[in-house]
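In the UniProt record's numbering, the protein residues as written are 1 to 140.
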Amino acid sequence: MAAVSRGAVEAGGTVIGITVDRWASRLRANPWLTEEIGTPDLFERLRRLMEADAYVALPGGPGTLGEVALAWNLFQTESIATRPLVLVGSQWRTLVRCMEAGLRIEPRDLALLQFAETVEGVLPLLPSRPDVRSRKTSPP
């Protein structure tokens, strides 16, 4: 996250980090944050993350997978407005194919995801205007 945040700040962007107060003793906030929003627990952090205008997931661990799955499921169930959910790197396509083989995933569910092979491929998938929440994503 530090590398992505640094790149965003150096390009003139704003980086808002939503952290968990209980984790502060063992996890430090990213030094490139423009703003840090502390939350009391993981559930509040996830709730706040779901307020984002777009989601870009890079390779990560179980926490990243959980956040992607949560956003995807909330779009699928129309619990929140659809917005860009971009998965960066070939491992995401592999994971989604595995999920398709073992779970019931409809074509309309897959259409909620966008894929970029590289970080450079993300920008064209994101809207250039502030009202991204009204934009529907295109199929992978």
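Using N, Cα and C, we set each Cβ at its ideal position, and we do this for glycine too.
request  = Quick one: grab the DSSP three-state call for leucine 85.
outcome  = Indexing the sequence shown from 1 puts residue 85 at position 85. Looking at leucine 85 - three-state DSSP - the assignment turns out to be strand.
inquiry  = Do proline 40 and alanine 2 count as a contact pair if the criterion is CB distance below 9 Å?
reply    = The residue labelled residue 2 in the question sits at position 2 within the sequence shown. The residue labelled residue 40 in the question sits at position 40 within the sequence shown. Not closer than 9 Å, so no.
task = Ignoring anything shorter than 3 residues or poking outside the region 52-132, list the beta strand (DSSP E) runs there in chain order.
result = 55-57, 85-88, 114-116
request  = Within the same chain, show all residues whose beta-carbon is closer than 7 Å to that of serine 90, passing over the 5 residues directly before and after it, in chain order.
outcome  = Sequence index remark: in the sequence shown, residue 90 carries index 90 (1-based). Closer than 7 Å at the Cβ level, and outside the excluded window around serine 90, lie Glu117.
inquiry  = Can you find the residues in the same chain that come closer than 7 Å, C-beta to C-beta, to glycine 38, ignoring five residues on each side of it along the sequence?
reply    = Taking the sequence shown and counting its residues from 1, the one referred to as residue 38 is at position 38. Cβ neighbours of glycine 38 beyond the five flanking positions: Thr19, Asp21.
ask   = Between the C-alpha atoms of alanine 8 and glutamine 76, what's the straight-line distance to the nearest angstrom?
value = If you number the sequence shown from 1, residue 8 lands on position 8. If you number the sequence shown from 1, residue 76 lands on position 76. Straight-line Cα distance between these residues: approximately 29 Å.
Simplified DSSP state of glycine 12, which is helix, strand or coil = Your numbering for residue 12 matches position 12 in the sequence shown. Coil, per DSSP.
inquiry  = Give me, in chain order, the residues of the same chain whose beta-carbon lies closer than 7 Å to that of arginine 93; leave out the 5 immediate sequence neighbours on both sides.
reply    = Within the sequence shown, the letter at position 93 stands for residue 93. So the qualifying residues of the chain are Phe115.
key: Length of the line joining the Cα atoms of methionine 99 and tryptophan 23   = Counting from 1 along the sequence shown, the entry for residue 99 is found at position 99. Counting from 1 along the sequence shown, the entry for residue 23 is found at position 23. About 31 Å.
ask   = Given valine 132, which residues of its chain have a CB within under 8 Å of its CB, disregarding the five upstream and five downstream residues?
value = Mapped onto the sequence shown, residue 132 falls at position 132. Summary for valine 132: the model assigns pLDDT 44, below 50, so the residue's position carries little reliability; its value from the coordinates is reported in the next sentence. Only Asp53, Ala54, Arg83, Pro84, Leu126 meet the Cβ criterion.
key: Boundaries of the alpha helix (DSSP H) in which arginine 28 is found, first to last residue   = The residue you call residue 28 lines up with position 28 of the sequence shown. Note, arginine 28: premise wrong, no alpha helix (DSSP H); not H, not E.
task = Please determine, among Leu65, Thr34, Ser25, Ala29, the residue with the shortest C-alpha to C-alpha distance to glycine 12.
result = Here residue 12 refers to the residue found at position 12 of the sequence shown. Of Leu65, Thr34, Ser25, Ala29, the residue nearest in Cα terms is Thr34.
Contacts around proline 140, its chain only, beta-carbon distance under 7 Å, and the 5 residues preceding and following it disregarded = Here residue 140 corresponds to residue number 140 of the sequence shown, with the count starting at 1. Annotation note: pLDDT 41 at proline 140 (below 50); position unreliable, coordinate value reported separately. Answer for proline 140: Leu110, Leu113, Gln114, Phe115, listed in chain order.
inquiry  = Is the separation between the beta-carbon of valine 96 and that of leucine 58 shorter than 9 Å?
reply    = What you label residue 96 is simply residue 96 of the sequence shown in a count that begins at 1. What you label residue 58 is simply residue 58 of the sequence shown in a count that begins at 1. Against a cut-off of 9 Å, the Cβ pair of leucine 58 and valine 96 comes out as no contact.
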